[in-house]
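First to last, the protein sequences are chains A and B.
So for the first sequence, our numbering puts the first residue at 483; every next one is plus one.
So for the second sequence, our numbering puts the first residue at 2; every next one is plus one.
Quick notes on the structure that follows.
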Amino acid sequence: MFSYCLRRTLAAVPVMVVVALFVFLLLRLSPGDPAAIIAGDMATPEQLDRIRETLGLNQPIYLQFFNWGGELLRGDFGTSLMSNLPVTQLMAQRLEPTVSLALLSIVLSVVVAVPMGVIAAWKHGSLIDNVVMSVSVLGFSVPVFVIGYILIKIFAIDLGWLPVQGFKRVSEDGFGPFIRHAILPSLMLSTIYIALIARMTRASMLDVLGEDFVRTAHAKGASEKRVLFKHALRNAGVPILEVIGTGFALMITGVVVTESVFNIPGLGRLTVDAILARDYPVIQGLILVTSGVYVLINLAIDLSYALLDPRIRYQ
Amino acid sequence: MTTLFPRRFSATRRRLLGGMAMVTLLSTLGSLSPLAAAPAEASTLRAVMHSGLRVLDPITTTAHITRDHGYMIWDTLLGMDDQFQPQPQMADWSVSDDGMIYTFTLRDGLKWHDGGEVTASDAVASFKRWAARDGGGQMLMDHVASVEATDSQTMTLTLSSPFAYVLELMAKPSSVPLFVMPARIASKSPDETLTVEDQIGSGPFKFVADEYDPGNRVVYEKFADYVPRDEPASWTAGGKVVNVDRVEWINMSDAQTALNALNSGEIDFLESPSVDLLPVLQANSDLTVEKINELGSQTIGRFNFLYPPFDNPQIRRAALMAMDQTDVLASLVGNPEHYSTCPSMYGCQTPLATDAGAPASLTGKADPEAAKQLLEEAGYDGTPVVIMQPTDAPTVSPQPVIAAQLLRQAGFTVDLQPMDWQTLVTRRASQQPPSEGGWNMFFTNWYIPEVWNPLVNPMLNGRGKDGGWFGWPDDPELESMRNEFAKADNDADRKAIAEHIQRHAFEQVTYIPLGEYSIPAAWNNDLSGVLHSPVPLFWNITKSE
Chain A
483 MFSYCLRRTL AAVPVMVVVA LFVFLLLRLS PGDPAAIIAG DMATPEQLDR
533 IRETLGLNQP IYLQFFNWGG ELLRGDFGTS LMSNLPVTQL MAQRLEPTVS
583 LALLSIVLSV VVAVPMGVIA AWKHGSLIDN VVMSVSVLGF SVPVFVIGYI
633 LIKIFAIDLG WLPVQGFKRV SEDGFGPFIR HAILPSLMLS TIYIALIARM
683 TRASMLDVLG EDFVRTAHAK GASEKRVLFK HALRNAGVPI LEVIGTGFAL
733 MITGVVVTES VFNIPGLGRL TVDAILARDY PVIQGLILVT SGVYVLINLA
783 IDLSYALLDP RIRYQ
Chain B
2 MTTLFPRRFS ATRRRLLGGM AMVTLLSTLG SLSPLAAAPA EASTLRAVMH
52 SGLRVLDPIT TTAHITRDHG YMIWDTLLGM DDQFQPQPQM ADWSVSDDGM
102 IYTFTLRDGL KWHDGGEVTA SDAVASFKRW AARDGGGQML MDHVASVEAT
152 DSQTMTLTLS SPFAYVLELM AKPSSVPLFV MPARIASKSP DETLTVEDQI
202 GSGPFKFVAD EYDPGNRVVY EKFADYVPRD EPASWTAGGK VVNVDRVEWI
252 NMSDAQTALN ALNSGEIDFL ESPSVDLLPV LQANSDLTVE KINELGSQTI
302 GRFNFLYPPF DNPQIRRAAL MAMDQTDVLA SLVGNPEHYS TCPSMYGCQT
352 PLATDAGAPA SLTGKADPEA AKQLLEEAGY DGTPVVIMQP TDAPTVSPQP
402 VIAAQLLRQA GFTVDLQPMD WQTLVTRRAS QQPPSEGGWN MFFTNWYIPE
452 VWNPLVNPML NGRGKDGGWF GWPDDPELES MRNEFAKADN DADRKAIAEH
502 IQRHAFEQVT YIPLGEYSIP AAWNNDLSGV LHSPVPLFWN ITKSE
């Protein structure tokens, strides 16, 4: 197991290097000049040149890449061109909102969607199945920001139960304020994942429920609950876990709409702001970290297969 | 095996525990409602500004949000009042009889946020950094022999040639005001942006570095040692009396979210609501919706003078005749309450306002037939006009679309190229031909204080490729008139020269002013004393409990 993990982790290194090179070149070749953005409307060409020189942007691209690579090897992601703050500090500031929101949303999604999918498969073709599938289609079809505004209208504006926007950190403000601010964005964010996981669970369960071992379990007098959750769900779990893991990775990196609607200072908004401002070191750092998150989550998903299916061995 | 509860009680127990959990959750949520906020919260003013703060150097950048940040933590030598007059702020002044020596004396009690005393050396270093960066400051420096600290409280500026606009430039509220910083900070190159550690000022608020989250949130605390002037506040002049303990600027990228937050009382002040959402705010009797920047902004179209077809003045005149302000403003702002046509390049509510040289069609109805006639006389060969259209900035995206249509109606061939604003900002600096990454025309907006006289108005700079503003007209006659304006020492002469300049600028079509607009701000009725000013200011405001 250890050597498998080590090999998987080492295999990620060339992937990260290619990502780093690709992102670096893409940014340098795309239009936009951070110096012009910093200098603003009044800048003359001479002033722009001087600012580019100060930022090191007038060096040859290969030199800029090696400088950045050297910093990376020392664990330094560089300094934001706009705020002059270390990229690691900027990412650290935004990490907790995104990760806590993603965790809450994925837990909510799993808790709601897996039973929904199991019941839909169990009652295949019934009214319950149709209702679950209709809800699922709705979850896919309605844009998340629309759901967000509807939730705000009902629970924050009309009922006044929850805040309209903002984020409170568990680490600083405690669990109460955190959950008050996180409920609505988590509901908004989890809608599409509830739909996705419910459909995947239903499909996997339908495959498994027709297997011989399920019939055997029934023949041995196992209760319906035991057959569904102990025998069928566990065997149907691998693809469901895959979807949950990928969903979590997507939530970490792709929640910019939710963050905007609820004004949550997370990694998504940091990424968009950095792209709009052509803040190269921040964009590069974020994409590298994102790639790392994907690699780690995929590794975690692979390893967790063995928990569900003891026949799986890692060599 | 014994159990704590008999099995028959298990369902009851589950219900009991569930009920207790629900009660705990509801009580937790209830105790955290906005109404239950601590009394100390009343002295915190939460504002959503027009943008997030990312760059912390108001000299390096002309971004308005950074300028607004500057007014929070740094003070200015002079202020400007609502009569457009320079007034003492950190310093009073005297001028020698020949008008060549200006002596600025710092008032007593000025302290830095880190406890040090403000001295004239700080003022000199700040002046030099500002003048190296600001367009008006650079022009001033062409006439300055020396600027030095003659003692700890006195800064002396000696001119090498007559220049009558010294005080007005030093007092201008935007876009690069002369903020006074400690000499150790102001001695940095203006091309090197200031850091978080450099946010030490002597202004009425202190920057809270620990709570700064770039692009998201910035926090200021009242500077207890700040001694305000005795005069009432007027624009950036007068006493900067702070009545709240803390100001938080929270950036909200979504206009609807900001509106909801103001309506629900989670924020107190919204600087720049979306125009289409204003009726919702106006319907809330707990809010005040009012223009604080009454001068507003000017929207403009700018040509590239280096390449065809706009290197030909007659073709530029054709473009001028093809456009009218009403069409552009209606598309940009929508509600006529918030915009007005204006023939003046200096703004219509300023001392230099004039209609000299402006064609009637500009503020009336476009004249495509006259434009066609001019194009024919100029021998226009159908060279495409490359117009840059930013699609991600609502305040500058409609103008190019309307302009393109108006130009096409007049016979121009138009190549409207969509892009994001930051690409436009980069591309407009290119002096390459339009076919090689250059451009022919773009649109932007200016606060009126940034165009209100020929010295600060960047579009009236005629210094060409090496010293001019994007578009780079090389116009020695215009520069000569600007120099005359700088020397004029009375209002009548200034007005007359400004009219000449505008007439000339319309003849050459240096740029096209496309009208003015001003969007109201909105704030909770708990706030009082919100100042009307061309820049948002947070002193003088009281928040009732």
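Note that CB positions come from ideal geometry on N, CA and C, so glycine has one too.
Model, not experiment: these values are computed from the prediction.
Selection from the options that minimises the alpha carbon distance to residue i
{"i": "residue 522/B", "options": "229/B, 514/B, 531/B, 515/B", "result": "531/B"}
{"i": "residue 467/B", "options": "527/A, 504/A, 517/A, 505/A", "result": "527/A"}
{"i": "residue 106/B", "options": "455/B, 222/B, 150/B, 44/B", "result": "150/B"}
{"i": "residue 439/B", "options": "472/B, 448/B, 421/B, 456/B", "result": "472/B"}
{"i": "residue 232/B", "options": "100/B, 88/B, 404/B", "result": "88/B"}
{"i": "residue 564/A", "options": "787/A, 782/A, 769/A, 755/A", "result": "755/A"}
Residue i at chain B interface by Cβ criterion, 8 Å
{"i": "residue 758/A", "result": "yes"}
{"i": "residue 647/A", "result": "yes"}
{"i": "residue 631/A", "result": "yes"}
{"i": "residue 640/A", "result": "no"}
{"i": "residue 521/A", "result": "yes"}
{"i": "residue 784/A", "result": "no"}
{"i": "residue 527/A", "result": "yes"}
{"i": "residue 769/A", "result": "no"}
{"i": "residue 586/A", "result": "no"}
{"i": "residue 766/A", "result": "no"}
{"i": "residue 597/A", "result": "no"}
CB contact below 8 Å: residue i versus chain A
{"i": "residue 537/B", "result": "no"}
{"i": "residue 531/B", "result": "no"}
{"i": "residue 171/B", "result": "no"}
{"i": "residue 33/B", "result": "With a pLDDT of 39 at residue 33/B, under the threshold of 50, the predicted position of this residue should be treated as unreliable, though the coordinate-derived value follows. Yes - at least one Cβ of chain A is within 8 Å of the one on residue 33/B."}
{"i": "residue 262/B", "result": "yes"}
{"i": "residue 39/B", "result": "At residue 39/B the pLDDT is 39, less than 50, meaning the model places this residue with poor confidence and gives no usable figure here."}
{"i": "residue 218/B", "result": "yes"}
{"i": "residue 120/B", "result": "no"}
{"i": "residue 148/B", "result": "no"}
{"i": "residue 265/B", "result": "yes"}
{"i": "residue 459/B", "result": "yes"}
{"i": "residue 197/B", "result": "yes"}
{"i": "residue 450/B", "result": "no"}
{"i": "residue 283/B", "result": "no"}
{"i": "residue 472/B", "result": "no"}
{"i": "residue 136/B", "result": "yes"}
{"i": "residue 214/B", "result": "yes"}
Closer than 7 Å: residue i CB and nearest the ligand GDP heavy atom
{"i": "residue 206/B", "result": "For the ligand GDP, the structure offers nothing, since it holds no ligand at all."}
Interface residues of chain A facing residue i [CB-CB closer than 7 Å]
{"i": "residue 193/B", "result": "536"}
Closer than 7 Å at the beta carbon, the chain B residues around residue i
{"i": "residue 763/A", "result": "Simply none; closest approach about 13 Å."}
{"i": "residue 541/A", "result": "Those do not exist, as residue 541/A stays about 16 Å from chain B at its closest Cβ, beyond 7 Å."}
{"i": "residue 518/A", "result": "426, 427, 430"}
{"i": "residue 634/A", "result": "261"}
Under 8 Å from the C-beta of residue i: neighbouring residues of chain B
{"i": "residue 530/A", "result": "430"}
{"i": "residue 545/A", "result": "In chain order: nothing, as chain B lies at least about 20 Å away."}
{"i": "residue 751/A", "result": "216, 217, 254"}
Close-in-space but distant-in-sequence residues of the same chain around residue i (CB under 6 Å, 5 per side omitted)
{"i": "residue 245/B", "result": "44, 46, 544"}
{"i": "residue 684/A", "result": "599, 602, 603"}
{"i": "residue 1/B", "result": "This structure gives no information on residue 1/B, because the portion of chain B shown stretches from 2 to 546."}
Chain-ordered chain A contacts of residue i [CB-CB under 8 Å]
{"i": "residue 57/B", "result": "565, 566"}
{"i": "residue 64/B", "result": "522"}
Spatial neighbours of residue i in its chain, beta-carbon cut-off 7 Å, leaving aside the 5 residues before and after
{"i": "residue 637/A", "result": "643, 644, 666"}
{"i": "residue 813/A", "result": "Limits of chain A in this structure are 483 at one end and 797 at the other, which puts residue 813/A out of reach."}
{"i": "residue 653/A", "result": "578"}
{"i": "residue 751/A", "result": "738, 741, 742"}
Contacting residues, own chain, Cβ-Cβ under 8 Å from residue i (five flanking each side not counted)
{"i": "residue 68/B", "result": "59, 175, 176, 177, 178, 536"}
{"i": "residue 306/B", "result": "312, 472, 473, 474, 475"}
{"i": "residue 288/B", "result": "263, 264, 282, 523, 524, 525, 526"}
{"i": "residue 499/B", "result": "347, 353, 355, 454, 455, 486"}
Within chain B, the residues that residue i reaches when beta carbons sit closer than 9 Å
{"i": "residue 742/A", "result": "253, 254, 255, 258"}
{"i": "residue 625/A", "result": "The contacting residues do not exist; residue 625/A stays about 14 Å from chain B at best."}
At what residue ranges does the segment 712-777 of chain A contain a whole run of the beta strand (DSSP E), taking only runs of 3 or more? none
Length at least 3, wholly inside the segment 248-304 of chain B: the beta strand (DSSP E) runs in chain order: 288-291, 298-304
Quick check on the DSSP output: what are the complete beta strand (DSSP E) runs of length 3 or more inside the segment 69-139 of chain B, in order along the chain? 79-81, 87-89, 92-96, 102-107
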